[in-house]
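*Asks:*
Number of protein chains: 2
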Amino acid sequence: MKDQIERKRLAILHVLIENKRPVSSKEIAAELAEQGYTITERTVRFHLQAMDDEGLTHYIGKKGRVLTDLGREELSRARAHEKVGFLSSRISQMTYSMNFDYHSCTGKVVVNVSYISRDYAARSAELMSRVFQAGYAMGTKLCLFDEGEEPGELRIPRGYVGIGTICSISLNGVLLREGIPVTSLFGGLLELRNHRPSRFVEIINYDGTTIDPLEIFIKSGMTDYLGATSSGTGLIGASFREIPAEAREKTLEIDAALDALGMRGFYMVGQPGQTLLDIPVGYGNVGAVIIGGLNPVAILEESGIPVQSKALSSLVDYDVLFDYRELPERMKKTVKF
Amino acid sequence: MKDQIERKRLAILHVLIENKRPVSSKEIAAELAEQGYTITERTVRFHLQAMDDEGLTHYIGKKGRVLTDLGREELSRARAHEKVGFLSSRISQMTYSMNFDYHSCTGKVVVNVSYISRDYAARSAELMSRVFQAGYAMGTKLCLFDEGEEPGELRIPRGYVGIGTICSISLNGVLLREGIPVTSLFGGLLELRNHRPSRFVEIINYDGTTIDPLEIFIKSGMTDYLGATSSGTGLIGASFREIPAEAREKTLEIDAALDALGMRGFYMVGQPGQTLLDIPVGYGNVGAVIIGGLNPVAILEESGIPVQSKALSSLVDYDVLFDYRELPERMKKTVKF
Chain G
2 MKDQIERKRL
12 AILHVLIENK
22 RPVSSKEIAA
32 ELAEQGYTIT
42 ERTVRFHLQA
52 MDDEGLTHYI
62 GKKGRVLTDL
72 GREELSRARA
82 HEKVGFLSSR
92 ISQMTYSMNF
102 DYHSCTGKVV
112 VNVSYISRDY
122 AARSAELMSR
132 VFQAGYAMGT
142 KLCLFDEGEE
152 PGELRIPRGY
162 VGIGTICSIS
172 LNGVLLREGI
182 PVTSLFGGLL
192 ELRNHRPSRF
202 VEIINYDGTT
212 IDPLEIFIKS
222 GMTDYLGATS
232 SGTGLIGASF
242 REIPAEAREK
252 TLEIDAALDA
262 LGMRGFYMVG
272 QPGQTLLDIP
282 VGYGNVGAVI
292 IGGLNPVAIL
302 EESGIPVQSK
312 ALSSLVDYDV
322 LFDYRELPER
332 MKKTVKF
Chain X
2 MKDQIERKRL
12 AILHVLIENK
22 RPVSSKEIAA
32 ELAEQGYTIT
42 ERTVRFHLQA
52 MDDEGLTHYI
62 GKKGRVLTDL
72 GREELSRARA
82 HEKVGFLSSR
92 ISQMTYSMNF
102 DYHSCTGKVV
112 VNVSYISRDY
122 AARSAELMSR
132 VFQAGYAMGT
142 KLCLFDEGEE
152 PGELRIPRGY
162 VGIGTICSIS
172 LNGVLLREGI
182 PVTSLFGGLL
192 ELRNHRPSRF
202 VEIINYDGTT
212 IDPLEIFIKS
222 GMTDYLGATS
232 SGTGLIGASF
242 REIPAEAREK
252 TLEIDAALDA
262 LGMRGFYMVG
272 QPGQTLLDIP
282 VGYGNVGAVI
292 IGGLNPVAIL
302 EESGIPVQSK
312 ALSSLVDYDV
322 LFDYRELPER
332 MKKTVKF
């Protein structure tokens, strides 16, 4: 019973977060009906009033209600609880949602969103550029969000600047559109020695975690991008995927095309039936090591700049991405420092 | 080929770390032969010389060689690479290794080892006591290690003090000896509201990670013990396990006996076939929420005290454990501050 109520309330909060504008109980009931929920407008109103009292929603007049910061936090915390939260599910959803077409160079790509205090904007631009330049980033492009913008389920707080880095899951989407299925196995910490990949030192499987492995490796300070970008010996985020061996050539062609668009992601592609960095692959598949999308912001945490990150969090038009070499200039324009 | 060499070298490093004294190449060859390796003394010597050059081992004369700090780090990093590193394997190994008997109150229990700078000793004793007192620790006992001591694969560095907290895997061992199999499913961040468990907000499955979930949640600063121990609302580490429904009563009896020995670990035990904190359980099983063994040291990281932790890292005699209320006094004796 308690559980059913919670599920209904979460569904209502989801409608509010997706609309990004005040929504009335009538509209919410209609949207939920479309999704297959049987819920009356009166019941929606009842739950909304209860959630107003708990500070999760805020009534702003006739137009309806908006989500509060507490409501936003509640939604993100409820992920594990909903048990749809394992990262492999999220990967599938985002792979399906994106629609970037690399032939016409249009459509949406998946980005990770991070935000930092504006005070660190200039220094961050410089540090992030180092990671892009060393080739430890997914492609060469990124985007920025101003305070108050709401990429995905986040809102960039006042006084902060948002950074959108291309999520490596975008690769899955591009390959899927070409009929190539990609299995994302795990995220890990990849050890580099003299600028060359050596081995994975820690691994977390995507189907057994509610939090992005790279997101938590960054937060825990286990990465070493400062080393990786200077001496070439360090620890960076990477993920391990499998593709059908028959699709190997086509995948390499697509990767080359993506490279020209600033979206290169493949770091290593194995041979059929052979281990890659000692990781065994399934029969008839090849293994691939993909650069971690969050890598450019990981160096910030390491350098003592507090950064909040959410992997796989939003879709943005390819058009809004710009080359990292413009980052210092763009950062200046965004935060006007 | 390269791979075979690496496997041999790791086996040699393992012998060195387990012996905790200088070991000769002859002894190493003999020990490896016992484990089923076919390796000559000459080959061992060849690898040791190469590892001396790389700084992994150190030749100290006729008695043989010891492991350097670099060698120790190499071993810990090689875990993922060996692909025997998934935590569920480690859990099985440690469950089998421990031999604590709760009837006679003798034998070894599994502990997690953490270390902190001696400068923080007094403050840490106070903070850790808060977690024990609030009941968010596995039992009421712990132990200390002085600088230079080598619990498990760690060595407490000069200027540091080691802390051994009972690892909740000790429960698996006790139950196993009574014929009760325990399946450890995941480690997670448990949200408490008004001192009561509410739900898991993040989850990492044991069979899909090389790093202990709680260890990384602590490092990443995602816990909230300061809140949990003051207002009763916060985030603590806990794990989710399953036991056969038929063993439920016996398990509760054993837990009561362990409680009397300062080793209480069960936080919640579910009903047959029913979800526990919304987590579904397998047919014929009951779910159980177990307190995170590392919880007492997690509060240190949160309070800005740098702490290094290794879960599931060592076996200690039950005899060396003492009640947390003696902690301030024992800490004084150990570090002589």
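Protein sequences appear in the order of chains G and X.
Position in the first sequence (from 1) plus 1 gives the number in our numbering.
Position in the second sequence (from 1) plus 1 gives the number in our numbering.
For each residue, glycine too, the CB sits at the ideal point set by N, CA and C.
Everything numeric in this text was worked out from a predicted model, so none of it was measured.
Please report the Cβ distance between A138 of chain G and I292 of chain G, rounded to the nearest whole angstrom; I am assuming they are in contact, meaning their Cβ atoms lie under 8 Å.
*Replies:* 6 Å
*Asks:* State buried or exposed for G283 of chain X, treating a residue as buried only when at least 16 other CB atoms are found within 10 Å of its CB.
*Replies:* exposed
*Asks:* Output yes if chain X places a C-beta closer than 8 Å to the C-beta of E154 of chain G; else output no.
*Replies:* no
*Asks:* Leaving aside the five residues before and after G263 of chain X along the sequence, list all residues of the same chain whose C-beta is less than 8 Å from its C-beta, in chain order.
*Replies:* G140, T141, K142, L322, D324
*Asks:* Can you look up H104 of chain X in the DSSP assignment and give me helix, strand or coil?
*Replies:* coil
*Asks:* Pick out whichever of G:N286, G:L227, G:V290, G:I13 has its Cα sitting closest to the Cα of L128 of chain G.
*Replies:* G:L227
*Asks:* Provide the residue span of the beta strand (DSSP E) that contains I204 of chain G, from first to last.
*Replies:* 197-206
*Asks:* Hey, V317 of chain X and C144 of chain X are a contact pair by Cβ (cut 8 Å); roughly how many whole angstroms apart?
*Replies:* 6 Å
*Asks:* Note down the Cα distance separating T107 of chain G from L176 of chain G, rounded to an integer number of angstroms.
*Replies:* 15 Å
*Asks:* Roughly how many whole angstroms lie between the Cα atoms of L191 of chain X and E247 of chain G?
*Replies:* 44 Å
*Asks:* Excluding sequence positions up to five away, which residues of its chain have a Cβ less than 6 Å from the Cβ of G271 of chain X?
*Replies:* L277, V287, G288
*Asks:* Report the partner residues of R66 of chain X according to the DSSP bridge assignment.
*Replies:* According to DSSP, R66 of chain X shares a beta bridge with X:V24, X:Y60.
*Asks:* By DSSP, does P1 of chain X sit in helix, in strand, or in coil?
*Replies:* Residue coverage of chain X in this structure runs from 2 to 338, which leaves residue 1 of chain X outside it and unanswerable.
*Asks:* Identify the continuous alpha helix (DSSP H) that holds R156 of chain G and give its terminal residues.
*Replies:* Neither: R156 of chain G is in no alpha helix (DSSP H) and is coded neither H nor E.
*Asks:* Judging by CA-CA distance, which residue of G:R78, G:V24, G:L33, G:T41 is the nearest neighbour of L68 of chain G?
*Replies:* G:V24
*Asks:* Quick one: using the 10 Å Cβ neighbour count with 16 as the cut-off for buried, is L216 of chain X buried or exposed?
*Replies:* The question names Leu, but residue 216 of chain X is Glu in the sequence shown. With 16 or more other Cβ atoms within 10 Å, it is buried.
*Asks:* Going straight from the alpha carbon of F201 of chain G to that of G189 of chain G, what length do you get?
*Replies:* 6 Å
*Asks:* Is E28 of chain X closer than 8 Å to G65 of chain X when the C-beta atoms are compared?
*Replies:* Yes, Cβ-Cβ distance for G65 of chain X and E28 of chain X is below 8 Å.
*Asks:* How big is the Cα-Cα spacing for N100 of chain G and G174 of chain G?
*Replies:* 7 Å
*Asks:* For the putative contact between A239 of chain G and Y268 of chain G, defined by C-beta atoms under 8 Å, what is the C-beta separation to the nearest angstrom?
*Replies:* 6 Å
*Asks:* Please return the same chain residues whose Cβ sits closer than 6 Å to the Cβ of T210 of chain G, not counting the five positions on each side in sequence.
*Replies:* Counting only Cβ-Cβ distances below 6 Å, and skipping sequence neighbours, we find L88.
*Asks:* Given that G233 of chain X touches chain G, what residues does it touch there, using C-beta distances under 9 Å?
*Replies:* Within 9 Å Cβ-Cβ: nothing; G233 of chain X doesn't reach chain G, min ~17 Å.
*Asks:* In the DSSP assignment, find the alpha helix (DSSP H) that holds G174 of chain G and state where it starts and stops.
*Replies:* Here the alpha helix (DSSP H) through G174 of chain G covers 170-178.
*Asks:* Please report whether the beta-carbon of G222 of chain X lies at a distance below 8 Å from any beta-carbon of chain G.
*Replies:* Yes, its Cβ sits closer than 8 Å to a Cβ of chain G.
*Asks:* Tell me, please, whether the CB atom of V298 of chain G is closer than 8 Å to any CB atom in chain X?
*Replies:* no
*Asks:* Let me see if you follow: with CB-CB separation under 8 Å, is N206 of chain X close to chain G or not?
*Replies:* For N206 of chain X, the closest Cβ of chain G is nearer than 8 Å.
*Asks:* What residues in its chain sit with their C-beta under 6 Å from that of K251 of chain X, if we drop five residues either side in the sequence?
*Replies:* For K251 of chain X, there are no CB contacts under 6 Å within the same chain when 5 residues up- and downstream are skipped.
*Asks:* Using beta carbons (cut-off 8 Å, strictly below), is R197 of chain G in contact with chain X?
*Replies:* no
*Asks:* Using a C-beta to C-beta distance shorter than 8 Å, which residues of chain X count as neighbours of T141 of chain G?
*Replies:* By Cβ distance, chain X contributes nothing, its closest Cβ being about 28 Å from T141 of chain G, past 8 Å.
*Asks:* Taking its Cβ as the centre, do 16 or more other Cβ atoms sit within 10 Å of Y161 of chain X, making it buried, or is it exposed?
*Replies:* By the Cβ neighbour-count rule, Y161 of chain X is buried, with 16 or more other Cβ atoms within 10 Å of its own.
*Asks:* Label N195 of chain X either buried or exposed according to how many other C-beta atoms from any shown protein chain fall within 10 Å of its C-beta, with 16 as the threshold for buried.
*Replies:* Per the 10 Å Cβ criterion, exposed.
*Asks:* Going by DSSP, which residues form a beta bridge with V114 of chain G?
*Replies:* Residue pairing of V114 of chain G in beta bridges, as defined by DSSP: G:G165, G:K311.
*Asks:* Judging by CA-CA distance, which residue of G:E74, G:E150, G:I170 is the nearest neighbour of Q94 of chain G?
*Replies:* Closest in alpha carbon position to Q94 of chain G, among G:E74, G:E150, G:I170, is G:I170.
*Asks:* Ignore the nearest five residues each way along the sequence and tell me which others in D102 of chain G's own chain have a CB closer than 8 Å to its CB.
*Replies:* Excluding positions up to five away in sequence, the list reads G108, R178.
*Asks:* How long is the line joining the alpha carbons of E302 of chain X and S115 of chain X, rounded to whole angstroms?
*Replies:* 11 Å
*Asks:* Determine the chain X residues that contact E192 of chain G at a beta-carbon separation under 8 Å, and present them in chain order.
*Replies:* The contacting residues are R78.
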